[in-house]
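Number 115 in the working numbering belongs to position 108 of the sequence shown; there are no gaps in the numbering. Cβ atoms here follow ideal geometry from the backbone N, Cα and C, with glycine treated the same way. Keep in mind that this is a model prediction, so the values were computed, not measured.
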Amino acid sequence: KQMYEQGKIQMGDLVNFCVPTGNFGNVLAGYYAKLLGLPVRHLIVAANENKVLDDFLRTGVYDRNRPFHKTISPSMDILISSNLERMLYYMCGKDSKKVNDWMCDLANHGRYQIDEETLAKIQDVFLSGYCDNAQTFAEIHRVYEESGYVMDPHTAVGSHVLHQYALYEPTILLSTASPFKFTRDVLCALQITPSDDDFQCMEQLSQIANCAIPQGLYALKELPIRFEQVIDCRDMETYVCEKAKELLK
Numbered sequence: 008k009q010m011y012e013q014g015k016i017q018m019g020d021l022v023n024f025c026v027p028t029g030n031f032g033n034v035l036a037g038y039y040a041k042l043l044g045l046p047v048r049h050l051i052v053a054a055n056e057n058k059v060l061d062d063f064l065r066t067g068v069y070d071r072n073r074p075f076h077k078t079i080s081p082s083m084d085i086l087i088s089s090n091l092e093r094m095l096y097y098m099c100g101k102d103s104k105k106v107n108d109w110m111c112d113l114a115n116h117g118r119y120q121i122d123e124e125t126l127a128k129i130q131d132v133f134l135s136g137y138c139d140n141a142q143t144f145a146e147i148h149r150v151y152e153e154s155g156y157v158m159d160p161h162t163a164v165g166s167h168v169l170h171q172y173a174l175y176e177p178t179i180l181l182s183t184a185s186p187f188k189f190t191r192d193v194l195c196a197l198q199i200t201p202s203d204d205d206f207q208c209m210e211q212l213s214q215i216a217n218c219a220i221p222q223g224l225y226a227l228k229e230l231p232i233r234f235e236q237v238i239d240c241r242d243m244e245t246y247v248c249e250k251a252k253e254l255l256k
């Protein structure tokens, strides 16, 4: 709508969307919008080092049997994209048995492979790429140097992947988070030494980005800490059962 109002496209012109994603949620919404009539040509899936989606969209093989990487774009650190099967359902002609068989293979073997016909339909709509940590840092720095805009790491993943393509249609990059949620990594990307205090880091970034700190984040500075107990993950079941019993007394 904004592009039309700005005269960058005419009504009905096709556009592309580049979406940083790990769980295939936002980009699935874009696919539904396309099915509903939004004039979309390509949806570009941008992954980080946990590039299971990129590999799948290129090969038709989904394989979670791989190392898990902790990255500076943590919302995308996912090896099982739970929304993907919803897209598969539409792409394979709503054949629920076929999708169920693939999901059973994933549950039992950690991988599945779709048929060539379904893959061809997917690749007609979806493009993909990935970005590692070093490239994410570099993209945050590059965009800031060129435009003064400060990206969060997830958006930087999308920006890096988008620049791998030379697309004919206008393309919109989805910015998916605030850089103030990742101040230390963003400051490091901008080659600025972060403060030892997280809230001072926010203040540093606010001066650099020339924008206000989101109040919901900065308000945490004055709020009391409500939860301090830490338990081992192996004790979670026992802990939950004990707390449930206390509530039921």
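Check: Cα separation between L194 and S135?; Outcome: 28 Å
Check: Can the beta-carbon of K115 be found less than 8 Å from the beta-carbon of D84?; Outcome: In the sequence as displayed, the identity of residue 115 is Asn instead of Lys. No, the pair does not count as a contact, with Cβ atoms beyond the cut-off.
Check: According to DSSP, simplified to helix, strand and coil, what is C25?; Outcome: strand
Check: How many whole angstroms separate the CB atoms of L50 and V26, which I take to be in contact at a CB cut-off of 8 Å?; Outcome: 7 Å
Check: Could you have a look at H49 and say whether DSSP puts it in helix, strand or coil?; Outcome: strand
Check: Taking the beta strand (DSSP E) that F133 belongs to, which residues open and close that run?; Outcome: 133-137
Check: Give the secondary structure of R233 by DSSP, where H, G and I count as helix, E and B as strand, and everything else as coil.; Outcome: coil
Check: Compute the distance between the beta-carbons of H167 and T143, then report whether it is under 8 Å.; Outcome: yes
Check: So L86 and V59 are supposed to be a Cβ contact under 8 Å. How far apart are they, rounded?; Outcome: 5 Å
Check: Runs of 3 residues minimum, wholly inside the stretch 57-118: which ones carry the beta strand (DSSP E) assignment?; Outcome: 68-70
Check: Could you spell out the range, first to last residue, of the alpha helix (DSSP H) harbouring L197?; Outcome: That residue, L197, is in no alpha helix (DSSP H); it is neither H nor E in DSSP.
Check: Suppose you measure from the CA of K188 to the CA of L224; what does that come to, to the nearest Å?; Outcome: 8 Å
Check: Using three-state DSSP, classify L42 as helix, strand or coil.; Outcome: helix
Check: Following the continuous beta strand (DSSP E) through L180, name the residue where it begins and the one where it ends.; Outcome: 178-180
Check: As a quick exercise: from K41, A173, E146, pick the residue whose alpha carbon is nearest that of Q198.; Outcome: E146
Check: In whole angstroms, give me the CA-to-CA distance for S154 and C99.; Outcome: 43 Å
Check: Please classify A54: does DSSP put it in a helix, a strand, or coil?; Outcome: strand
Check: Where L113 and C218 are concerned, what is the direct C-alpha to C-alpha distance, given to the nearest angstrom?; Outcome: 45 Å
Check: DSSP three-state label for Q211, please.; Outcome: helix
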